[in-house]
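Here's the structure, in structure tokens; my notes come after.
There are 2 protein chains.
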Amino acid sequence: MTGPDLLESQRVRQEIRAGRITGTSRGLAHGFVQCNLAILPKSHAFDFLLYCQRNQRACPVLEVTDAGSPVPKKLAPTADLRTDCARYSIYRDGIRTEDRTDIAELWQDDFVTFLIGSGISIDGALENAGVPTHKDRWVLQTTLPTEPAGPFRGDMIVTMRWLTAQQALTATQVTSRFPFNHGAPIHLGDPAAIGADLKAPLFGGPVPPIPDGIVPVFWACGVTPQSAATNAKLPLFIAHAPAHSFITDLPAQALMSA
Amino acid sequence: MTGPDLLESQRVRQEIRAGRITGTSRGLAHGFVQCNLAILPKSHAFDFLLYCQRNQRACPVLEVTDAGSPVPKKLAPTADLRTDCARYSIYRDGIRTEDRTDIAELWQDDFVTFLIGSGISIDGALENAGVPTHKDRWVLQTTLPTEPAGPFRGDMIVTMRWLTAQQALTATQVTSRFPFNHGAPIHLGDPAAIGADLKAPLFGGPVPPIPDGIVPVFWACGVTPQSAATNAKLPLFIAHAPAHSFITDLPAQALMSA
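Read top to bottom, the protein sequences are chains A and B. For reference, each letter of the first sequence is one residue, going -19 to 238 in our numbering. For reference, each letter of the second sequence is one residue, going -19 to 238 in our numbering.
Pasting the structure below:
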């Protein structure tokens, strides 16, 4: 397939596979669902899937591949998960030892890939509703415990957005309609109530003092399962690199509830 | 705990455990979520959980216990899954060989229990909206394929309700708000379009000719995963007996989306 017959998501993945796009996926293939990746051996797949089931708000699983298959046949049947994410992070014994632009050399026959909904997917719906998504947005560690499964455990990681009161209401309404993609906020207001660590954001710059008239709003974040997998200290675990999500062929609208 | 401090769900489970209730769970502990049970060895738990993830409409997993534990600590922390369902069906090599009122003698240390949302849970919401649920309701085999995982596979099983056009619209609106409990109908109108087998209902009596002014409406049914597990022909698989669901302490409202 070439040119005009390609979906924009397919075109972008071709560019990524060819090494011509290596940066963030934010803003690419607008309107298509983006996924966080978690790639691990089948021996740990039950516990990880169970972790995701037990913490569905943070870990909305959209597809799980068959062991050894690099093809997400439901979300992107023409894709290859070994090459079509712009940047992968490699974790060994829980330590991020390197990033790579493809993982063909590391691929194992027992690898199972989890495609987990990313908040990036609903930016479009928020923008359409008049809620800005490109600034005043951070990813933060909290002290809210998640429910463990096997070796997978840890506190929840959240996305914090700074909104006006009206935007906070609108954003709550809009995201409630994506129950399979983090859904409604898990908290609003005082960051300390959920132990959100403003001093060391995982992504986003330093957090300035909260301005008057601004309401911090918090959503469960898809970095949570990655953090849980890191805590499990598997010999080898592969994820998308932060802000380099995998682009699927699924229209973001498809995740919207009634 | 005794008497007035008990939830109605806990009181009913006590009666079941004591053998004083052995019949259907339909109509019991109104307003509490009822679950279908699937109990199988941990060796098959990943494939079964994956089957449920891949067929979420039919198989909304609400809780998965830790291997060996008979306590669903989230949905009913005071319950014992070996005794607190009124009737269990025992399947050996895919054949239903017997029903039992408790399974303590059959319990294994590697058993994992899946608690899967039952359509019975949303009867209350439908009734409140003026949609009758107690008659003109059947469970039917279809020819809609589900997505397999490991040995778990089969065609979808559906609940068919006969409704007026207005009731069909209301029922669609109401059930859309339960995305984690079968959600909206999967079909409406001609039963043949989904290969629904009207000649051999799995539950409900013989299906009469469809009266004028009646619209058949079809929902994915929680019997689907049980059917998939039967098709897998495991040496031992235990489920709730049809219409004898496990009663949890979760209010049905809790599953309602925005």
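For every residue, glycine included, the Cβ atom is placed at its ideal position computed from N, Cα and C. Bear in mind the structure is a predicted one, so any value in this text is a computation, not a measurement.
| Query | Result |
| --- | --- |
| Counted within 10 angstroms of its Cβ, other Cβ atoms place B:His10 as buried (16 or more) or exposed | exposed |
| Neighbour-count burial assignment, A:Ile75, 16 or more Cβ in a 10 Å radius | exposed |
| For B:Ser225, three-class secondary structure by DSSP | coil |
| Chain A within 9 Å of B:Pro191, Cβ atoms only | no |
| Identity of the residues DSSP links to A:Trp142 by a beta bridge | A:Pro196 |
| Same chain, Cβ closer than 6 Å to B:Ile174, five either side skipped, listed in chain order | Thr122, Leu124, His167 |
| Any chain A beta carbon closer than 9 Å to B:Ser237 | yes |
| A:Ile(-4): first and last residue of the uninterrupted alpha helix (DSSP H) it sits in | -12 to -3 |
| Three-way DSSP call (helix, strand, coil) for B:His24 in this model | helix |
| B:Pro125: first and last residue of the uninterrupted beta strand (DSSP E) it sits in | 117 to 125 |
| A:Val(-8) vs A:Thr45 beta-carbon contact at 9 Å | no |
| Contact set for B:Ala219: own chain, Cβ-Cβ below 8 Å, skip 5 residues either direction | Asn16, Leu17, Ala18, Ile19, Tyr68, Ser69, Tyr71, Gln206, Ala209 |
| Backbone CA spacing between B:His224 and B:Thr4 [nearest angstrom] | 5 Å |
| Within-9 Å CB hit, A:Val44 to chain B | yes |
| Enclosing beta strand (DSSP E) for B:Leu95 [first to last residue] | 91 to 97 |
| Beta-bridge pairing of B:Leu17 - partner residues as DSSP gives them | B:Leu95 |
| Three-state secondary structure assigned by DSSP to B:Asp79 | strand |
| Residue-chain proximity (B:Pro21, chain A), Cβ-Cβ < 9 Å | no |
| Own chain partners of B:Asp177 with C-beta closer than 6 Å, once the 5 adjacent residues on each side are dropped | Leu120, Gln121 |
| Cβ-Cβ distance between B:Thr113 and B:Trp199 below 9 Å | no |
| B:Phe217 vs B:Leu42 beta-carbon contact at 9 Å | no |
| The segment 45 to 61 of chain B: positions lying closer than 7 Å to chain A by Cβ | none |
| Beta-carbon contacts of B:Asn35 that lie in its chain and below 7 Å, excluding the five residues immediately before and after | Thr126, Glu127, Thr204 |
| Short CB-CB distance (under 9 Å) between A:Gln147 and chain B | no |
| Nearest neighbour of B:Phe132, chosen from B:Arg0, B:Cys32, B:Ala212, B:Leu29 [CA to CA] | B:Ala212 |
| Within chain B, the residues that A:Val41 reaches when beta carbons sit closer than 7 Å | Gln33 |
| Nearest-angstrom Cβ-Cβ length linking B:Arg117 and B:Gly169, presumed shorter than 8 Å | That belief does not hold up - the Cβ atoms of B:Arg117 and B:Gly169 are roughly 17 Å apart, past 8 Å. |
| Listed by chain order, chain B residues near A:Pro215 by CB distance under 8 Å | Those within 8 Å of A:Pro215 in chain B number zero; the least Cβ separation is about 19 Å. |
| Inter-residue spacing [alpha-carbon to alpha-carbon] between A:Ala148 and A:Gly193 | 11 Å |
| Collapsed DSSP secondary structure at A:Arg157 in the structure displayed | coil |
| Range of the contiguous alpha helix (DSSP H) that encloses B:His43 | For the record, residue 43 of chain B in the displayed sequence is Glu; it is not His. Not the alpha helix (DSSP H): B:Glu43 falls in the beta strand (DSSP E), residues 41 to 44. |
| Backbone CA spacing between A:Gly202 and B:Asp64 [nearest angstrom] | 36 Å |
| Per-residue contacts from A:Phe132 into chain B (C-beta, under 9 Å) | Chain B residues near A:Phe132: none, gap ~13 Å exceeds 9 Å. |
| Where the alpha helix (DSSP H) containing B:Ala219 begins and where it ends | Run containing B:Ala219: none in the alpha helix (DSSP H); it sits in the beta strand (DSSP E), 217 to 220. |
| Chain-ordered neighbours of B:Leu30 on chain A, where CB pairs are closer than 7 Å | Leu29, Val44 |
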